[in-house]
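First up is the structure itself, then whatever we jot down about it.
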Amino acid sequence: MTSRNDNKNLVCPFCSLHCDDISVTTDNNRYKVNEKNNVCSKKIDSYNLNKKSVTLPKKGAKFITLSDALKGIHDLIKGHNETLIINHGVDLSGVRSMLNFASQRNCIIDHVNSKFLYQNIGVVQRTGYMATSLTETKNRADTIIIFGNKILDKSPRLLDKVIAPKNSLCSKSKKEILLIGDFAEKIVKSMKGRCNVTNIKFDLNMINDLLNATLSSDLKNVKGLSKNSLSKIKRIIGKSKYLVATWTTSDFIKTRNPKKIISSISKFIVNHNKFSRAGCMPISGVLADATSTQALTWMTGFPSRIKHIEETFKHDRNAFNSEILLANKNIDVVIHVSTINAEKLKMNKNVKNIVLGHPNTSFTSMPDIFIPVGIPGIDYEGIMFRTDNVVSVALKDIRNIKLPTTQNILDKLA
Amino acid sequence: MITQLKSGNVYDPHNKVFNLKKDIFIQDGKIINKKNIKSKIDKVINCMDKIVMPGAIDLHTHIGGGKVNIARLMLEEFHNEKDPSYDSSAIIAPSTLKTGLKYIEMGYTTCFEPALLPINARQAHAEMADIPFIDKGGYALLGNDDYFLNLLKNKSSQSTINDYVAFILKATQSIGIKVVNPGGINAFKFNQRALNVDEKSKYYDITPREIVQKLTRALYDLGVPHPLHVHCSNLGIPGNFLSTIETIKAANGLPIHLTHIQFQSYGNNGDKGFSSAAVEISNYLNKIDNLTCDVGQIMFGQTVTMSGDSMSQHRNHKHAHPKKWMCMDIECDAGCGVVPFKYKDKSFVNALQWAIGLEIFLLAEDPWKVFLTTDHPNGAPFTSYPHLIKLLMDKTFRNDILNQLPKEILSHTILHTLNREYTLNEIAIMTRSAPAKILGLNKKGNFSEGSDADITVYDKKINDIEEMFAHPTLVIKDGKIAVENGQIKEYIWGKTHTVTPEYDKAIEKDLSKFFDKYHTMKLENYIISDDEMNRLVGSPVYVNDCLRKRKQ
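Protein chains in written order, with our numbering: chain L, 386 to 799; chain E, -19 to 532.
Structure follows, in structure tokens:
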């Protein structure tokens, strides 16, 4: 892999859509996305090694050997009571090893995005829920309601691939898109012509009132919504034969009651299915949230926030909430696993921080030990799960910079 | 290393051995004939007063894939089982670890996930790879996917359909094909709420009968050992025995396997509009050579129903217990629905469902044609198999339970008149030899030389047949002792069974175009290679033989 290579149909590991039509050219372990019009090119390319990249283990600011790093981690864990693993994104093999390691060392496992996860799964655990998936939405949906404006930032190619696709099996006319929230004019413009867009600037806190109003035979008063707008929304929804509601929970997290909003949308979709067809399609986070949720659920019964106690994994969404545990100073050692995260990793005070991260990982402060590990889909092959939780993809490797995988490290530590 | 199981009472129906005192020899994970042993016997296990059977095979159990994980996630409050030997996951939706442990402790060594959505196959295999001990496999779902329905709509040739079916088997690493509510899941996506066998779907203008005809023919032409595995139209609806019979007829005499037939054998007589049609269904089962079924027995208690049949599951969600459920349309491929349910012995309908399942078992003349399942977890968790075996083998036990059920059911079932008691021979056939035969697992379910040394040893001295089947004294998997006297001795990791009939690769060009246009992934990334199965998914592949060369 040191010579020049063209790779087609690669799977992108860096967001929950896991687009698998990426074409890159690699040359001497540097790669470049070939498609000029791929809105994600810059992000994908940013994981190339640069001057600041770290490819050898470090203890504080000092480079050390891998065996010294492993010994250092052993010593840190051995001397302390409570070890927390925070998953910032890794492939299936990493999650499997995380669980194996936690079972040997009686650790707690949490995903950094669990707070979003628990907003969404609440409806599945409490009420009825109708879901749909990306390809169904592409081909079946004639109407899509997008709640909140972050979804297209988080999943930039959702628009091209699903919302306004070139081809659609059953939905022959342009899709009706209802934007509910505060969408930038740029986004609205980018959709116009490709679908019929109705942009409703609206306070997300009031979604319950809006959706209830669509069910009423009269035009009810909804704060912040004109009767004309409500009438138009009702007309569009009433005409739809396959309606999809989509959102990303991070849009709701700062509202007064995120669970209530998600519950309202779900209830609305369930009700719509009494006479027509509809489904929810939440878009999950970009840190391999779905991969973690799926694998931990099948291996333990629980999606996150688990601890190995007395030969088995126990779950408590409050007691094993990493944020609460750290705030209450109940943790001695944190192992951050971060193979795809582009954000600066927050190092926790009053604990020992260990990071198994990709070579370009940046930190708020220097971790006690850092072991650079490979990126799934760039440095090694792996499996990840897409946002709709039904499709999993096989990631390929495109460079060889001789980094260990997360699995390699955790298996050695177990 | 050679191991001898000495002086056991052996049941090996495939080789017409019934309760014969003999020795079984194992070398390198396989059965070996005594005459071919060339070195010393390293280990002798005394099987005096023991019953020795091949490892049991469950040909229909929902153990992996998206819907199973939805159930695990949904039913978090049930994950509180206290048994210290296992994790706390509920047996109605167990973790992969618990699934393997519970199966092996009952002497089951091979299990098949019957609803493997092609688009979800990678996940299903990855999940099953994490189930210890057992060998496994899956039946890929077809018959509701838009590509296949387009082939039918466009009057594609049978040969093209055969290519597609063979491609799916290879690409998804499956051993069989299942159709669930033929065409109905797809029709539900277009807001049809029911689809009878000769009713046309509104969008594709195709009947379930055509789908069953094409798929049964494809599997026959390709020489796939397992016939089309059919979850019929109108699941659970009173009077559905008529559509079940029409589905049988749709196969035109070609091999067909009807799954969880208990749920498909309902009449609509009586003042409650619900009655048993087990006699009518059993008549067909007994007279048609190429027809097999598994029962899908229900047991009383809490469980969770999970199915690709989103049309039926959406209809049934009002019966959810506890009151939560989920349905999903999936990737122009299929669908799923997960609805928790509690079967109550005081309920007329549930009690009659219980009786109908047993009637079908007891009316079946040939144990090679009927398989012991609860459609785990839809009828009950698989851990209830020993109890079910006792119901079949002990008339008094069965009638004692029947007498505690609502009296009104007696006018709608003939169960109380059935005196049959299954023999150990018959149990061995229906849980070992017959499923191996119908799946084409030549190395399983028998003690022929070269077969996998998957062996279950029961203690004859245990009087309670349920207890005996629940706790075999010894379970051997691939020649290694997995369980001895109830204790796990060694973790063993199984393989994935597949079948790979030949096909014209030209189908991939057309499929690739279809994927590029309509799917959200590339065809090449949809295909799961043997290498990926081994290295990434975590389960090596074993390719079973087809019955014959492809016909067309």
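Note that CB positions come from ideal geometry on N, CA and C, so glycine has one too.
Query: In three-state terms, what does DSSP make of Tyr246/E?; Result: strand
Query: Near His743/L, which residues of its chain fall below 6 Å by C-beta distance, leaving aside the five closest residues on each side in sequence?; Result: Thr724 and Ile760
Query: Taking 8 Å as the cut-off, decide whether the C-beta atoms of Val24/E and Pro205/E are in contact.; Result: no
Query: What residues in its chain sit with their C-beta under 7 Å from that of Asp567/L, if we drop five residues either side in the sequence?; Result: Asn534 and Lys586
Query: Identify each residue in the segment 489 to 516 of chain E for which the Cβ-Cβ distance to at least one residue of chain L is less than 7 Å, and report them in chain order.; Result: Lys497, Tyr498, His499, Thr500, Met501, Lys502, Glu504, Asn505, Glu512 and Leu516
Query: Could you pull out every unbroken beta strand (DSSP E) segment of at least 3 residues lying fully inside the segment 549 to 614 of chain L, listed in chain order?; Result: 561 to 566 and 581 to 586
Query: Going by DSSP, what residue range makes up the beta strand (DSSP E) through Glu447/E?; Result: Not the beta strand (DSSP E): Glu447/E falls in the alpha helix (DSSP H), residues Ile445 to Ala450.
Query: Determine whether the Cβ of Met386/L lies closer than 8 Å to any Cβ atom of chain E.; Result: Note on Met386/L: pLDDT 49, under 50, position unreliable in the model; no value is reported.
Query: Have a look at Ala680/L and Leu477/L and give me their C-alpha separation to the nearest angstrom.; Result: 7 Å
Query: From the DSSP output, in three-state form, read off Tyr514/L for me.; Result: strand
Query: Please classify Val145/E as buried or exposed, where buried requires at least 16 neighbouring CB atoms within 10 angstroms.; Result: buried
Query: Pull up the distance between the alpha-carbon of Pro520/E and that of Gly767/L, whole angstroms please.; Result: 16 Å
Query: Using a beta-carbon distance below 8 Å, is Asn161/E in contact with chain L?; Result: no
Query: Counting pairs of Cβ atoms below 8 Å between the segment 16 to 23 of chain E and the segment 68 to 76 of chain E, do you hit three or more?; Result: no
Query: Closer than 7 Å: is that where the CB of Pro320/E sits relative to any heavy atom of the ligand FAD?; Result: The ligand content of the structure shown is nil, which means the ligand FAD is not present either.
Query: How about Asp325/E and Leu371/E: are their beta carbons less than 8 Å apart?; Result: no
Query: Which of the three DSSP states, helix, strand or coil, is assigned to Leu53/E?; Result: helix
Query: Can you tell me whether Val350/E is helix, strand or coil according to DSSP?; Result: strand
Query: Under a Cβ-count criterion, where at least 16 other Cβ atoms within 10 Å of its own Cβ denotes burial, should Ile407/L be classed as buried or exposed?; Result: buried
Query: Run through DSSP, which three-state label would Thr468/L get?; Result: strand
Query: Using a Cβ-Cβ cutoff of less than 8 Å, which residues in the same chain neighbour Asn524/E once the five nearest sequence positions on both sides are dropped?; Result: Ile155, Pro205, Leu419, Gly420, Leu421, Asn422, His477, Thr478 and Val479
Query: Since Gly337/E and Val275/E are thought to touch, with beta carbons under 8 Å apart, how far apart are those beta carbons, to the nearest angstrom?; Result: 5 Å
Query: Cβ closer than 9 Å: which chain E residues qualify as neighbours of Lys523/L?; Result: Cys312, Tyr498, His499 and Thr500
Query: Does Ser154/E come within less than 8 Å of chain L when only Cβ atoms are used?; Result: no
Query: Within the same chain, show all residues whose beta-carbon is closer than 7 Å to that of Ser488/L, passing over the 5 residues directly before and after it, in chain order.; Result: His693
Query: So which of Asn166/E, Ile148/E, Tyr200/E and Met373/E has the shortest CA-CA distance to Leu503/E?; Result: Ile148/E
Query: Does Arg412/E get closer than 8 Å to chain L when you measure Cβ to Cβ?; Result: no
Query: Considering only C-alpha positions, which residue in the set Thr790/L, Asn422/L and Asn413/L is nearest to Asn433/L?; Result: Asn413/L
Query: Give the straight-line distance between the Cα atoms of Met386/L and Glu488/E, rounded to the nearest whole angstrom.; Result: For Met386/L, the predicted model reports a pLDDT of 49, less than 50, meaning its position is unreliable and no value from the coordinates is stated.
Query: Would a C-beta distance cut-off of 8 Å place Tyr88/E and Ala36/E closer than the cut-off?; Result: yes
Query: How many angstroms separate the CA atom of Ala104/E from the CA atom of Glu521/L?; Result: 20 Å
Query: In this structure, does DSSP put Lys322/E in helix, strand or coil?; Result: strand
Query: Can you have a look at Phe448/L and say buried or exposed, based on whether 16 or more other CB atoms are within 10 angstroms of its CB?; Result: exposed
Query: Beta-carbon of Met515/L versus every beta-carbon of chain E: anything under 8 Å?; Result: yes
Query: Counting only beta-carbon separations shorter than 8 Å, does Leu477/L have a partner in chain B?; Result: Within the model displayed, chain B is absent; protein chains L and E are what it includes.
Query: Going by beta carbon distance, what residues of the same chain come within less than 6 Å of Gly518/E, once the five residues before and after it are set aside?; Result: Ala109
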